[in-house]
């Protein structure tokens, strides 16, 4: 069997995994701060339309990504104000955010259906990108792919190695304690929510300007929900979330290749495989229930109110 | 889900409610239920084009309501019942999964007329079914892709293994094979009607594996766009998708519901509506071809057009024997044509198609 298909397959896997990486990493920080934002899908789709609209009108991929992040951030701001300041229920508000995002993006996107954009430019370093095998695999992606990897490194480092990261975790573990020693739970949570929104927005932007450079309604097609699940199954660890995203993307693509090669396995089973394998692997590596309990932020989903 | 209704309709309903209407005929209210967003630029978009044409043709004589993104579950029952109970005289439910909800509502509202697309159950006298012979379009496309491929490999992005999709694969293969004996067809099932990312991934996969013409039976233009980027050809689905890939877009099989919607609405208005099962194709204009790409040589365009005209005239039938299935069993004997029953329930690949149908 020829391995000519292997490199393009890996490149396809990278594009399938990248939007999930962005959204999952952002949501990890949000949940570490004790907030459950189920609006990831809504923030992604708003990021997608904002980025696409910007890309079409300015022709700049860079501005498009900024606009995507901005749109996700704005939606997250609504969520933050409602849940953090007005104490609304996080689950209900998050769900509403998703429905709102899907509807609003469809409204805004109405006039962008059928428009096209060249797509984000791939990195092309003369010499390096031309090396066989390694060239396309390491030096042949668009900028956002590198940014997604860097963001995982930074978030992992931030949460585990910095004082500010410790504060985020403290707020997520026990907001009363954090408050009693003088930290602003409100500010920390707002910061985390906005970061999560911006990352989801970038994930959405990746879909509409790099993955499939076009706008059609509901184009996120449930990726926000997959990212949410990844966060939990990765037991709130950025690197595991990254692994989960690549596993999910990888198996999705490999099953398509397997079908194209005529492997005699039921297509329905193959379609189920990414979900099954990702959950299995992540559950197995996080199987120590004592550790899992430690990883789950104790105040996840609970609103904080100064009521003493 | 969005419920949009013309304000004029509400006003008209209010007038009727107060009994102040001077018009002799009651206001005609038509409801449409869509399974996805209008903005998919595919299946739902085309149904909505039908609605718009209806409004344009009948003007103030008709009020329309449409509900998008209605899931094929209890939601559908709720939405259809809501439309039926708010004075809609005619309701088009435009997805296969609405079959049972539509029939249930029809039983409950015997005075309301229902039209269900792509289904086969007509349990009450006030339900009709309708569909289009998309396979005729695929047969015309087959001639083009069979001639245009250099690698002799067609990549096919398929949704679900139902007769509708299988029939399309078979029609494409038989047609392409008739002009190119070396043709191969590679099918990848994505288990969704609509996920631009996954459809694009499937198209990339097929191109990586040697396909140089991409066909799709899913609803987003993403596969076409991948084809454009990779420099291969593709065929649009449901609507003219040229804008998403000018070089790649060979043509598209366009669903044209407008004439049917207009005819059935008029029939309800003048009282001539009767239950029926409609399956229209090129001849009645329910299936159309988008403009052919200028990259297609003139003789190939002629071949495609002759095929289309032949289907209209009845001299060509996509499923004319002898046709065998993969096991070599004769399914349609020489000289015979497949009847509608066989085509509607087609659950086998014809001989020459590789792979197996997912069970």
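Residue numbers (this note's numbering), protein chains in the order written: chain D, 1 to 308; chain E, 1 to 359. We put the beta carbon where it would ideally sit given N, CA and C, even for glycine.
Mind checking residue 91 of chain D: buried by the 16 CB within 10 Å criterion, or exposed? In the first chain, counting from the first residue as 1, residue 91 of chain D sits at position 91. Classification for residue 91 of chain D: exposed.
Out of D:48, D:21, D:244, point me to the one whose CA is closest to residue 196 of chain E's CA. What you label residue 196 of chain E is simply residue 196 of the second chain in a count that begins at 1. Selected option, being the one with the closest Cα: D:48.
Under the three-state reduction of DSSP, which class applies to residue 408 of chain E: helix, strand or coil? Chain E is shown only over 1 to 359; residue 408 of chain E falls outside these bounds and no answer can be derived.
Could you check what DSSP says for residue 68 of chain E in three-state terms: helix, strand or coil? Here the question's residue 68 of chain E lines up with position 68 in the second chain. Looking at residue 68 of chain E - three-state DSSP - the assignment turns out to be coil, as it is neither helix nor strand.
Chain-ordered residues of the segment 186-209 of chain E with a beta carbon less than 9 Å from chain D: 186, 187, 188, 189, 190, 191, 192, 194, 195, 196, 197, 198, 199, 200, 201, 202, 204, 205, 206, 207, 208, 209
Label residue 44 of chain D either buried or exposed according to how many other C-beta atoms from any shown protein chain fall within 10 Å of its C-beta, with 16 as the threshold for buried. Position 44 of the first chain, counted from the start, is the residue given in the question as residue 44 of chain D. That one is buried.
Please confirm if residue 244 of chain E has its CB atom under 8 Å from at least one CB of chain D. Reading the second chain from its first residue, position 244 is the one you call residue 244 of chain E. Interface residue, yes.
Taking all protein chains shown into account, decide if residue 195 of chain D is buried (16 or more other Cβ within 10 angstroms of its Cβ) or exposed. Here residue 195 of chain D is taken as the residue at index 195 of the first chain, counted from 1. The residue in question, residue 195 of chain D, is buried, as its Cβ has 16 or more Cβ neighbours within 10 Å.
So with CB distances below 9 Å, who are the chain D contacts of residue 359 of chain E? Looking up residue 359 of chain E in the second chain gives position 359. Going along chain D in sequence order, the residues near residue 359 of chain E (Cβ under 9 Å) are 266, 268.
Go through its chain and collect everything with a Cβ distance to residue 69 of chain D's Cβ below 6 Å, but skip five positions before and after it. The residue you call residue 69 of chain D lines up with position 69 of the first chain. Excluding residues within five positions, the ones whose Cβ falls inside 6 Å are 198, 201, 202.
For residue 307 of chain E, I'd like the list of residues in its chain whose CB is within less than 7 Å of its CB, leaving aside the five on either flank, ordered along the chain. Counted from its first residue, the second chain places residue 307 of chain E at position 307. If we look at residue 307 of chain E and ignore the five residues flanking it on each side, its Cβ neighbours are 139, 140, 143, 316.
Check the Cβ-Cβ distances between residue 217 of chain D and every residue of chain E, and say whether any is below 8 Å. As a working note, residue 217 of chain D is residue 217 in the first chain. Answer yes: the Cβ-Cβ gap between residue 217 of chain D and chain E drops below 8 Å somewhere.
When you compare the CB positions of residue 141 of chain D and residue 21 of chain D, do they come within less than 8 Å of one another, or not? Position 141 of the first chain, counted from the first residue, corresponds to residue 141 of chain D. Position 21 of the first chain, counted from the first residue, corresponds to residue 21 of chain D. Not a contact, by the Cβ cut-off of 8 Å.
Please name the residue or residues paired with residue 155 of chain E in a DSSP beta bridge. For the purposes of this step, residue 155 of chain E is identified with residue 155 of the second chain, where counting begins at 1. Looking at the DSSP assignment, residue 155 of chain E forms a beta bridge with E:186, E:214.
Neighbour flag for residue 225 of chain D against chain E, beta carbons, 8 Å: Here residue 225 of chain D refers to the residue found at position 225 when the first chain is read from its first residue. With 8 Å as the cut-off, residue 225 of chain D does not count as an interface residue toward chain E.
Where the beta strand (DSSP E) containing residue 145 of chain D begins and where it ends: One-based indexing of the first chain puts residue 145 of chain D at position 145. Counting along the chain, residue 145 of chain D falls outside any beta strand (DSSP E), though it belongs to the alpha helix (DSSP H) covering 143-161.
Look at residue 237 of chain E and residue 212 of chain E and say whether their C-beta atoms are less than 8 Å apart. Position 237 of the second chain, counting from 1, holds the residue named residue 237 of chain E. Position 212 of the second chain, counting from 1, holds the residue named residue 212 of chain E. Their beta carbons are not under 8 Å apart, which means residue 237 of chain E does not touch residue 212 of chain E by this criterion.
Distance, residue 224 of chain E Cα to residue 295 of chain E Cα: Taking the first residue of the second chain as 1, we reach residue 295 of chain E at position 295. Taking the first residue of the second chain as 1, we reach residue 224 of chain E at position 224. One C-alpha to the other measures close to 16 Å.
Reduced DSSP category for residue 199 of chain E - H, G, I as helix; E, B as strand; rest coil: Your numbering for residue 199 of chain E matches position 199 in the second chain. Note: residue 199 of chain E maps to helix in three-state DSSP.
Whole-angstrom Cβ separation of residue 148 of chain D and residue 18 of chain D, contact assumed at under 8 Å? Looking up residue 148 of chain D in the first chain gives position 148. Looking up residue 18 of chain D in the first chain gives position 18. Yes, they are in contact, since the Cβ atoms of residue 148 of chain D and residue 18 of chain D sit about 5 Å apart, within 8 Å.
Does the distance between the C-beta of residue 193 of chain D and the nearest non-hydrogen atom of the ligand ATP fall short of 7 Å? This structure lacks the ligand ATP; in fact it carries no ligand of any kind.
Cβ pair residue 155 of chain E, residue 186 of chain E closer than 8 Å: Taking the first residue of the second chain as position 1, residue 155 of chain E is located at position 155. Taking the first residue of the second chain as position 1, residue 186 of chain E is located at position 186. Yes, these two residues count as a Cβ contact at 8 Å.
Alpha helix (DSSP H) segment containing residue 179 of chain E, residue limits: Taking the second chain and counting its residues from 1, the one referred to as residue 179 of chain E is at position 179. Start and end: 163-179.
Nearest-angstrom Cα distance between residue 162 of chain E and residue 80 of chain D? Here residue 162 of chain E is taken as the residue at index 162 of the second chain, counted from 1. Here residue 80 of chain D is taken as the residue at index 80 of the first chain, counted from 1. Taking the straight line joining both Cα atoms gives about 45 Å.
Have a look at D:36, D:285, D:24 and flag the residue whose alpha-carbon is nearest the alpha-carbon of residue 298 of chain D. On the first chain, position 298 is the one that residue 298 of chain D refers to. Minimum Cα distance to residue 298 of chain D is reached at D:36.
Residues of chain D with a CB under 8 Å from the CB of residue 354 of chain E: which are they? Taking the second chain and counting its residues from 1, the one referred to as residue 354 of chain E is at position 354. Residues of chain D passing the Cβ test: 262.
What are the partner residues of residue 90 of chain D, as DSSP defines its beta bridges? For the purposes of this step, residue 90 of chain D is taken as the residue at position 90 of the first chain. In DSSP, residue 90 of chain D forms no bridge with anything.
Considering only the beta carbon of each residue, do residue 94 of chain D and residue 39 of chain D sit closer than 8 Å? Numbered from 1 along the first chain, position 94 holds the residue referred to as residue 94 of chain D. Numbered from 1 along the first chain, position 39 holds the residue referred to as residue 39 of chain D. In contact: residue 94 of chain D and residue 39 of chain D (Cβ atoms closer than 8 Å).
Let me know the secondary structure DSSP gives residue 255 of chain D once reduced to three states. By one-based count along the first chain, residue 255 of chain D stands at place 255. Residue state, collapsed to three classes: helix.
What ranges does the alpha helix (DSSP H) occupy inside the segment 208-242 of chain D, keeping only unbroken runs of at least 4 residues that lie completely in it? 223-233
Please compile the residues from chain D whose C-beta is within a distance smaller than 8 Å of the C-beta of residue 314 of chain E. Taking the first residue of the second chain as position 1, residue 314 of chain E is located at position 314. Correct list: empty, because the minimum Cβ distance to chain D is about 36 Å.
Please look up how many angstroms separate the CB atoms of residue 122 of chain E and residue 279 of chain E, rounded, as I've assumed it's under 8 Å. The residue you call residue 122 of chain E lines up with position 122 of the second chain. The residue you call residue 279 of chain E lines up with position 279 of the second chain. So it is not a contact: roughly 13 Å between Cβ atoms.
Going by the CB atoms, is the gap between residue 286 of chain E and residue 404 of chain E shorter than 8 Å? The question about residue 404 of chain E has no answer here: the residues shown for chain E are numbered 1 through 359.
Determine whether the beta carbon atoms of residue 16 of chain D and residue 253 of chain D lie at a separation below 8 Å. Taking the first residue of the first chain as position 1, residue 16 of chain D is located at position 16. Taking the first residue of the first chain as position 1, residue 253 of chain D is located at position 253. Cβ atoms of residue 16 of chain D and residue 253 of chain D: closer than 8 Å.
Just mark residue 205 of chain E as buried or exposed, buried being the case when its beta carbon has 16 or more other beta carbons within 10 Å. As a position in the second chain, residue 205 of chain E is number 205, starting the count at 1. With 16 or more Cβ atoms within 10 Å of its Cβ, residue 205 of chain E is classed as buried.
Any chance you could list the beta strand (DSSP E) runs of at least 3 consecutive residues sitting entirely within the segment 94-148 of chain E, in chain order? 113-117, 127-132
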